[in-house]
Amino acid sequence: MEKLTRLPGIGPAVAWFLRSRAWQVYRHLDDRTWTRLAAAITFTSFITLFPVLGLAAATGAWLLSDQHLEDIEQWASDQVPGISDQMNLGALFDHAGTIGLVSLALVLPMGAGWVDALRGCLRELWDLADPEDNVFLRRARDMGVLVGLGAVTLLSLAASALGVGAVHWASRRVDTALPFQLLAYLLATVVTFFLLVYLLVWLPGVRPPRTATLTACAMGAVGFEVLKQLLGGYLTEVATRNVYGAFGVPVALLVWINLMAKLLLVCCAWTATAVTPRERPEADALDAEPERRPAADDGGGTATQPPQAPQGPPP
94 MEKLTRLPGI GPAVAWFLRS RAWQVYRHLD DRTWTRLAAA ITFTSFITLF
144 PVLGLAAATG AWLLSDQHLE DIEQWASDQV PGISDQMNLG ALFDHAGTIG
194 LVSLALVLPM GAGWVDALRG CLRELWDLAD PEDNVFLRRA RDMGVLVGLG
244 AVTLLSLAAS ALGVGAVHWA SRRVDTALPF QLLAYLLATV VTFFLLVYLL
294 VWLPGVRPPR TATLTACAMG AVGFEVLKQL LGGYLTEVAT RNVYGAFGVP
344 VALLVWINLM AKLLLVCCAW TATAVTPRER PEADALDAEP ERRPAADDGG
394 GTATQPPQAP QGPPP
């Protein structure tokens, strides 16, 4: 890459790009094999999604009215563009009783495993090891994090539903609907922003700089909404392609989860590169004994004191 900086014409532009924050984030991700991390997040998220959906369907069928269930289906359609119709969430609500019992037995252990895997992948970008806790204590804490994430998601869903409902109510009373559609997108972006704050700060147990956190969450929220608008048609084509047969919907769902995992890793790398390698251990909020942890140098190794020169006898 250094040779490109000496080329006439494009050399200054290449040199500027190599000094940019975007290149720094990419090198940080590439050095830590981020595609493998995204694959791990995709797999654990995919197998955890179905018991979570089953439990949510059982709870919703028990507590909510038919109109509210239709609103949830519409919300799911907005979050997973292009393939929610093929997922047949209505049938899931119809058989929520039986599915809910099975999901209840699976959601806690599988959800705790998902939290542990996601935390480990995010902490890998911070060059931080997992805390050395008792396995039962760690699982209990992971379940608590899962419950907290569910609570944040429900609050975000409620706020989004209220906001979108108000926007639709106002749009029916005004001739032009474009400003209200933009307002609905803005509300969805704000909801995603707060979810990312939880995922980038509380879940991995790190304390990045505030400016970097706000920037990363804003980029992730906008990127999520943009991807939903751009990829809806592509995911529909994948889900309905004959070559995949009955596996069309799972394949499309895997593609969508993998894209979201990579977007999350990019946002996490943005916060991790906001501090130097020596400062990253100090941002670890899960380590109870930070003074026992060796500091890392700029090359990723362990910092050691140079040997002292032997002291000769005084003249």
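Mapping of the sequence shown onto our numbering: residues 94 to 408, in sequence order. Where a beta carbon is used, it is the ideal one built from N, C-alpha and C, also for glycine. All values reported here derive from a predicted model rather than from experimental measurement.
For aspartate 377, DSSP records a beta bridge to Val299.
Taking all protein chains shown into account, proline 302 has fewer than 16 neighbouring C-beta atoms within 10 Å of its C-beta and is therefore exposed. Using a 10 angstroms sphere on the CB of leucine 230, the tally of other CB atoms stays under 16, which defines it as exposed. When secondary structure is reduced to three states using DSSP, aspartate 220 falls in the coil class, being assigned neither helix nor strand. Here the alpha carbon of tryptophan 363 sits roughly 6 Å from the alpha carbon of alanine 309. Taking a C-beta distance under 9 Å as the contact criterion, alanine 378 and glycine 298 qualify as a contact pair.
In this structure, tryptophan 207 places its C-beta atom within 9 Å of the C-beta atom of serine 138.
Proximity of the stretch 285-297 to the stretch 368-375 falls short of the contact definition, fewer than three beta-carbon pairs being nearer than 8 Å. Glutamate 318 sits in a helix when the DSSP states are folded into three classes. Between valine 348 and proline 144, the alpha-carbon positions lie close to 20 Å from each other.
A residue is called buried when at least 16 other Cβ atoms come within 10 angstroms of its Cβ; threonine 285 meets this threshold and is buried. Excluding five sequence positions before and after threonine 141, the CB atoms of its chain that fall closer than 7 Å to its own CB belong to Met203, Gly204 and Trp207, given in chain order.
In terms of Cβ geometry, threonine 282 and glutamate 225 do not form a close pair [threshold 9 Å]. According to the DSSP assignment, glycine 104 belongs to the alpha helix (DSSP H) that extends over 104-111. For arginine 114, the closest of Ala132, Arg373, Arg300 and Ala365 by C-alpha to C-alpha distance is Ala365. Between threonine 246 and leucine 239, the alpha-carbon positions lie close to 10 Å from each other. Distance check between alanine 305 and each of His121, Cys361 and Pro101 places Cys361 closest, using alpha-carbon atoms only.
Rounded to whole angstroms, the gap between the alpha carbons of glycine 147 and glycine 243 is 14 Å.
Relative to threonine 128, the option among Gly104, Leu215 and Lys355 whose CA is nearest is Lys355.
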